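Trainee: Heads up: the sequence shown begins at -7 in the numbering used here, then just goes up one per residue.
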Amino acid sequence: MPRGDEYVSPQSGMPSFFTSHHMPCPECGASVSAFEHDQHACDPARLLEFRLFQLRDEVHGFEAGLRDYLASPHGRFSQWLAERERKHEPGGR
Ligand SMILES: [Zn+2]
């Protein structure tokens, strides 16, 4: 059965999602419409703020992860291992 040529998709003509779709800029987090994406230039102040925000998030995650890790048997083992390696450091003649 041939496809009917009379079928017209509701989105035909103006791709309306192009004009209304906003995405956060991956660089600065600003909400940029897909339409403007090509012309978007990151605001340096915004860029810095966004980076700091991401960094702070990472640091928090790292600290929490480290605390959990050190409290775990694995962490305690590696601490013990580190102590041991420090004592057996080569060059201590
Ligand atoms: Zn940006």
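Note that beta-carbon positions come from the ideal geometry of N, C-alpha and C, so glycine has one too.
No experiment lies behind these values; they were computed from the predicted model shown.
Below 7 angstroms, is the gap between the Cβ of GLU19 and the nearest heavy atom of ligand 1?
Mentor: Residue numbering aside, residue 19 sits at position 27 when the sequence shown is read from its first letter. Indeed, a heavy atom of ligand 1 lies less than 7 angstroms from the Cβ.
Trainee: Specify the secondary structure class of HIS80 as computed by DSSP and reduced to three states.
Mentor: Taking the first residue of the sequence shown as position 1, residue 80 is located at position 88. Correct three-state label for HIS80: coil.
Trainee: Are there 16 or more other CB atoms within 10 angstroms of the CB of VAL51, so buried, or fewer, so exposed?
Mentor: What you label residue 51 is simply residue 59 of the sequence shown in a count that begins at 1. With fewer than 16 Cβ atoms within 10 Å of its Cβ, VAL51 is classed as exposed.
Trainee: Are the CB atoms of SER23 and HIS13 nearer to each other than 8 angstroms?
Mentor: For the purposes of this step, residue 23 is identified with residue 31 of the sequence shown, where counting begins at 1. For the purposes of this step, residue 13 is identified with residue 21 of the sequence shown, where counting begins at 1. Not in contact: SER23 and HIS13 (Cβ atoms no closer than 8 angstroms).
Trainee: Quick one: is PHE42 buried, meaning 16 or more other Cβ sit within 10 Å of its Cβ, or exposed?
Mentor: Here residue 42 corresponds to residue number 50 of the sequence shown, with the count starting at 1. It counts as buried.
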